[in-house]
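Numbering (the working numbering), first residue to last: -8 to 58.
Note that beta-carbon positions come from the ideal geometry of N, C-alpha and C, so glycine has one too.
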Amino acid sequence: MQGEAARTIDGFTLSNANYQQAVNLLQQRYGQIQKITAAYMSNLLQLPQTSESFVTSTIVWKPTSEV
């Protein structure tokens, strides 16, 4: 285990007694995929909308000299 998940259970001492507590904590934090997805989608929908002119102005066209 690595990254944020490892840091989540970093405070647990390695023992049989703490195993289930660590698993429960990880499931509570990361096992709710639908809630996490809904939260991300909600945040995405709250972002300001871009206009078509903004999108087309950010596209850079680079002609190539190859024939």
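Taking C-alpha positions only, Met(-8) is separated from Val14 by approximately 12 Å. Going by beta carbons, Ala(-3) and Tyr21 fall outside the 8 Å limit. By the CB criterion at 8 Å, Gln12 and Phe3 fall inside the cutoff. When only Cα atoms are considered, Gln37 and Tyr31 end up about 10 Å apart.
Annotation: Gln25 to Ser6 spans about 31 Å, alpha carbon to alpha carbon.
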